[in-house]
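Accompanying notes for the structure given below.
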Amino acid sequence: MESSKEQHLFETETCLIILNVAFDQYNASLLNYFFSFLPRLMTFILEIKRSSGLRFRRVLNETPVSVLRLPRGPEPNSRGFDPTSPRFIALCPTTLPSSSSSSSSSGSADEEEQRLRAELRERFLRTLLLMTGKRVRFDMHEHVRVHARFGASDIDVLNLQVCDLETPLGVQREALLRSQDVIACSFEV
Amino acid sequence: MAMRQTPLTCSGHTRPVVDLAFSGITPYGYFLISACKDGKPMLRQGDTGDWIGTFLGHKGAVWGATLNKEATKAATAAADFTAKVWDAVTGDEVLTLAHKHIVKSVNFTQDSNCLLTGGNDKVLRIYDLGKPEAEPQEIAGHTSAIKKALWCNNDQQILSAADDKTIRLWDKNTKEAVKSLSFDASVSSMEYIPDGEVLVITYGRTIAFYKAHSLDLIKTVDAPASIHSASLHPDKDFFVAGGDDFKLYKYDYTTKEEMESYKGHFGPIHCVRFSPDGELYASGSEDGTLRLWQTAVGKTYGLWKCVLPEELSSENSEVLYCPPAEIKA
């Protein structure tokens, strides 16, 4: 059965080659271009037909290795590193104490820390309020020291709005100071 | 009954994969990091290829990536003129080391305390990760861009391959070149096997094996096509190589005979590495995928399952994924 199909393939290829040569002689260039691909196209189509049913000449009795599933790909919205994975839990230091025996004492330590944090935050905000309108000295990086009248800060304390900023280039009526550049500020209460 | 290799394709990268590295064997298995021109190196579980996370932060193509032995730290070298050190458990960036040109290669010492970098500025740098603000030790000498730099001989010496077609062996303390090898073609890849002190080098169509201490040639093997990367099995039974013709070749190390060749990638293969247990090897290609291949085809390992013919036709076969029959030319 295989040999008859091979015979069929050979005959088809031969016909196409003859056709191709015939057209060559007539120098029909466009048709010639098309027909030069036809033998290859036919071969390809016949190979597809073969693979759907029969075995190949070369690949016989080979079974592909089975696979349980495909490897998982990346999640579209996350960078990964699952914090619930055993490796993460085992290797990552956590800020919260993990032992259950000291849970009550650790709970109160957390509360104390939170209370102190809240108190410090309140003091900072009250200082900012007190600073408004006052002449403040800002100590900044690169040994820069300037005086200005403090106006306000933004919600995240990233920028400080000041008036009459005294700089070596002159006095700036209105200016914004970047908080990350400021090391310290001092003023008379 | 003969089994046909089923490679596991790991997708996710959008540009060519140019480098990959395995970690050592850890209590959680072993891991694989892939460097890609899309600037987002990925960490994967080594035996299954499952994605674990992506290291976000580089602003250019990542040319080199490595993991330390315990897979707790990762380092990457990129075209944004930086090398970065990452926490491989959380994915956070730990350190950024600025360079003066594209960084191509990074390598940890066995104790993960020092990082070696090399790149287009032709200088090797050794960073002490305990003192990252300190200036790195520099070793100059190459006359063109460094492609790969590795620690060897118990982290006392450094091997570097550059576009000046030389490989040099440097002493870490004296910073002098102890030995040098010259080639006719540019060296495309270099791998160092500590156990046995073997160096695997590829250039042109040749895969060459050298003794790491003395740089004496052990043997060379010629492949049918230009080879970009090769890797030797930990037991030194065989080695695999991949290159321009998209195929992966498997050779017997002792007899130098070609045992198998595998098609599967849709682009030139840039890097090939064996896993630390030798059960599989990974290949990264221009087509943006990583493929995992079994060393012993048909063995049950990772996601591969050895299935007997009777099982294939029984009801249990639904749980198994059988890849469609491929046309093999």
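In order, the protein sequences belong to chains B and E.
For what it's worth, the UniProt record's numbering labels the leading residue of the first sequence as 1, then goes sequentially.
For what it's worth, the UniProt record's numbering labels the leading residue of the second sequence as 1, then goes sequentially.
Even for Gly, the Cβ is constructed at its ideal location relative to N, Cα and C.
These figures come from a predicted structure and were not determined experimentally.
Query raised in the report: Cα separation between E/GLN113 and E/LEU159?
Result: In the second sequence, the residue the question calls residue 113 of chain E occupies position 113. In the second sequence, the residue the question calls residue 159 of chain E occupies position 159. The sequence as given places Asn at residue 113 of chain E; Gln does not occur at that position. Near 18 Å, if we compare the C-alpha coordinates of E/LEU159 and E/ASN113.
Query - Cross-chain neighbours of E/ASP287 in chain B, by beta carbon under 7 Å - result: To locate residue 287 of chain E, count along the second sequence from 1; it is residue 287. Within chain B, no residue has its beta carbon less than 7 Å from that of E/ASP287; the closest one is some 15 Å off.
Query - chain B residues whose Cβ lies nearer than 7 Å to that of E/ASP277 - result: The residue labelled residue 277 of chain E in the question sits at position 277 within the second sequence. Proximity of chain B to E/ASP277 at the Cβ level (cut-off 7 Å) is not reached, the minimal Cβ distance being about 18 Å.
Query - Distance between B/ASP156 and B/GLN114 (C-alpha atoms, nearest Å) - result: In the first sequence, residue 114 of chain B corresponds to position 114, counting from 1. In the first sequence, residue 156 of chain B corresponds to position 156, counting from 1. The straight-line gap from Cα to Cα measures roughly 19 Å.
Report task. Work out the CA separation of E/LYS131 and E/LYS263 for me, nearest whole Å. Result -> In the second sequence, the residue the question calls residue 263 of chain E occupies position 263. In the second sequence, the residue the question calls residue 131 of chain E occupies position 131. Straight-line spacing of the CA atoms in E/LYS263 and E/LYS131 works out to 47 Å.
Report task. Sort E/TYR249, E/MET3 and E/ILE126 by Cα distance to E/PHE108 and report the nearest one. Result -> Translated into the one-based positions of the second sequence, residue 108 of chain E becomes position 108. Answer by Cα proximity: E/ILE126.
Query raised in the report: Is the beta carbon of E/TYR281 sitting closer than 8 Å to the one on E/VAL240?
Result: The residue you call residue 281 of chain E lines up with position 281 of the second sequence. The residue you call residue 240 of chain E lines up with position 240 of the second sequence. Yes. Within cutoff.
Query - DSSP three-state assignment for E/GLU135, whether helix, strand or coil - result: Along the second sequence, read from residue 1 onward, the residue named residue 135 of chain E stands at position 135. In this structure, E/GLU135 counts as coil in the three-state DSSP scheme.
Query - Range of the contiguous beta strand (DSSP E) that encloses E/ALA77 - result: In the second sequence, the residue the question calls residue 77 of chain E occupies position 77. Segment 73-78, the beta strand (DSSP E) holding E/ALA77.
Query raised in the report: Are the C-beta of B/VAL21 and some C-beta of chain E separated by less than 8 Å?
Result: Stepping through the first sequence from its first residue, residue 21 of chain B is reached at position 21. For B/VAL21, the predicted structure reports a pLDDT of 49, less than 50, and the residue's modelled location is therefore unreliable. A value from the coordinates is still provided. The beta carbon of B/VAL21 does not come within 8 Å of any beta carbon belonging to chain E, so the residue lies off that interface.
**Report entry** Entirely enclosed beta strand (DSSP E) segments - the segment 33-101 of chain E, minimum 3 residues
**Finding:** Counting only runs that start and end inside the segment 33-101 of chain E, the beta strand (DSSP E) elements of at least 3 residues fall at 42-45, 51-54, 62-67, 73-78, 82-87 and 93-98.
Requested in this report: Could you check what DSSP says for B/ALA118 in three-state terms: helix, strand or coil?
Outcome: Your numbering for residue 118 of chain B matches position 118 in the first sequence. DSSP, reduced to helix, strand and coil, places B/ALA118 within a helical segment of the structure shown.
Query raised in the report: Whose Cβ in chain E lies nearer than 7 Å to the Cβ of B/ASN182?
Result: Within the first sequence, the letter at position 182 stands for residue 182 of chain B. One point to set straight first is that residue 182 of chain B is Val, not Asn, in the sequence displayed. Residues of chain E passing the Cβ test: none, with the nearest at roughly 23 Å.
Requested in this report: Find the residues of chain E that neighbour B/PRO76, judging by a C-beta separation of less than 9 Å, and give them in chain order.
Outcome: Here residue 76 of chain B is taken as the residue at index 76 of the first sequence, counted from 1. For B/PRO76, there are no neighbours in chain E by C-beta distance under 9 Å, as the nearest C-beta there is about 10 Å away.
Query raised in the report: Which residues of chain D have a Cβ atom closer than 9 Å to the Cβ of E/TYR28, listed in chain order?
Result: Within the model displayed, chain D is absent; protein chains B and E are what it includes.
**Report entry** Neighbourhood of E/THR220 by C-beta distance below 8 Å, restricted to the same chain and skipping five residues each side
**Finding:** Start at 1 with the first residue of the second sequence, and residue 220 of chain E comes out as number 220. Around E/THR220: THR206, ILE207, ALA208 and PHE209.
Report task. Let me know the secondary structure DSSP gives B/ILE155 once reduced to three states. Result -> The residue given as residue 155 of chain B occupies position 155 in the first sequence. B/ILE155 sits in coil when the DSSP states are folded into three classes, being neither helix nor strand.
Requested in this report: With a threshold of 16 other CB atoms inside 10 Å of the CB of E/ASP237, please say whether the residue is buried or exposed.
Outcome: The residue labelled residue 237 of chain E in the question sits at position 237 within the second sequence. Looking at its Cβ environment, which holds fewer than 16 other Cβ atoms inside 10 Å, E/ASP237 is exposed.
Query raised in the report: Cα-Cα, which of B/PRO168, B/PRO86 and B/ASP154 is closest to B/HIS147?
Result: As a working mapping, residue 147 of chain B is identified with position 147 in the first sequence. Looking only at B/PRO168, B/PRO86 and B/ASP154, the smallest Cα-Cα distance to B/HIS147 is reached by B/PRO168.
Query - Buried versus exposed call for B/SER186 [16 or more other C-beta atoms within 10 Å across all chains shown] - result: Stepping through the first sequence from its first residue, residue 186 of chain B is reached at position 186. In the assembly as shown, B/SER186 is an exposed residue. Its beta-carbon has fewer than 16 other beta-carbons within 10 Å.
Report task. Quick one: residues in its chain with C-beta nearer than 7 Å to the C-beta of B/GLU166, no 5 flanking neighbours on either side, listed in chain order? Result -> To locate residue 166 of chain B, count along the first sequence from 1; it is residue 166. So the qualifying residues of the chain are VAL146, HIS147 and ALA148.
Requested in this report: Assign E/ILE33 to one of two classes, buried (16 or more other C-beta atoms within 10 Å of its C-beta) or exposed (fewer than that).
Outcome: Counting from one through the second sequence, the residue named residue 33 of chain E turns up at place 33. With 16 or more other Cβ atoms within 10 Å, it is buried.
Query raised in the report: In three-state DSSP terms, what is E/LYS328?
Result: Numbered from its first residue, the second sequence carries residue 328 of chain E at position 328. Interpretation of E/LYS328 is limited by its pLDDT of 43, a score under 50 that renders its predicted location unreliable; the figure taken from the coordinates is listed afterwards. In this structure, E/LYS328 counts as coil in the three-state DSSP scheme.
Query raised in the report: Residues of chain B with a CB under 7 Å from the CB of E/THR72: which are they?
Result: The sequence position of residue 72 of chain E within the second sequence is 72, counting from 1. Near E/THR72 (Cβ distances below 7 Å), the residues of chain B are LEU91.
Query raised in the report: Can you tell me the Cα-Cα spacing of E/PHE55 and E/GLY91, whole angstroms?
Result: For this step, residue 55 of chain E is matched to residue 55 along the second sequence. For this step, residue 91 of chain E is matched to residue 91 along the second sequence. Rounded to whole angstroms, E/PHE55 and E/GLY91 show a C-alpha spacing of 6 Å.
Query - Under 8 Å between C-beta atoms of E/TRP63 and E/ALA77 - result: Within the second sequence, numbered from 1, the residue matching residue 63 of chain E stands at position 63. Within the second sequence, numbered from 1, the residue matching residue 77 of chain E stands at position 77. Contact flag set, yes.
Report task. Run the proximity test for B/ARG123: is its beta-carbon closer than 7 Å to any non-hydrogen atom belonging to the ligand FMN? Result -> With respect to the ligand FMN, the structure offers nothing, as it holds no ligand at all.
Query raised in the report: What residue from E/LEU124, E/THR117 and E/ARG15 has the CA that sits closest to E/LYS175's CA?
Result: Numbered from its first residue, the second sequence carries residue 175 of chain E at position 175. When E/LEU124, E/THR117 and E/ARG15 are compared, the shortest CA-CA separation from E/LYS175 is found for E/LEU124.
**Report entry** Per-residue burial, E/THR117 [other beta carbons within 10 Å of its own, 16 or more giving buried]
**Finding:** Sequence index remark: in the second sequence, residue 117 of chain E carries index 117 (1-based). It is buried - the Cβ of E/THR117 has at least 16 other Cβ atoms within 10 Å.
Query - Distance CB(E/PRO7)-CB(E/TRP304) smaller than 8 Å - result: Along the second sequence, read from residue 1 onward, the residue named residue 7 of chain E stands at position 7. Along the second sequence, read from residue 1 onward, the residue named residue 304 of chain E stands at position 304. With respect to the 8 Å criterion, E/PRO7 and E/TRP304 are not classified as neighbours on the basis of their beta carbons.
Requested in this report: Output, in chain order, the set of chain E residues within a Cβ distance shorter than 8 Å of B/ARG178.
Outcome: Along the first sequence, read from residue 1 onward, the residue named residue 178 of chain B stands at position 178. Here the premise fails: no neighbours, minimum Cβ distance about 22 Å.
**Report entry** Boundaries (first-last residue) of the beta strand (DSSP E) holding E/LYS230
**Finding:** For the purposes of this step, residue 230 of chain E is identified with residue 230 of the second sequence, where counting begins at 1. Inspection of the sequence shows that residue 230 of chain E is occupied by Ala rather than by Lys. Segment 227-232, the beta strand (DSSP E) holding E/ALA230.
Query raised in the report: Can you pull the DSSP bridge partners for E/ASP222?
Result: Within the second sequence, residue 222 of chain E is the residue found at index 222, counting from 1. Within the DSSP secondary-structure output, E/ASP222 pairs in a beta bridge with E/THR206.
Requested in this report: May I ask which residues mark the beginning and end of the alpha helix (DSSP H) holding residue 337 of chain E?
Outcome: Since the first residue of chain E shown is 1 and the last is 329, residue 337 of chain E is not available in this structure.
Report task. Starting from residue 333 of chain E, follow the beta strand (DSSP E) in both directions and report where the run begins and ends. Result -> This structure leaves residue 333 of chain E out entirely; chain E is present only between 1 and 329.
Requested in this report: Tell me, to the nearest whole angstrom, how far the beta carbon of E/MET3 is from that of E/GLY302; I am working on the premise that it is less than 8 Å.
Outcome: Translated into positions along the second sequence, residue 3 of chain E becomes position 3. Translated into positions along the second sequence, residue 302 of chain E becomes position 302. About 15 Å; that fails the 8 Å criterion.
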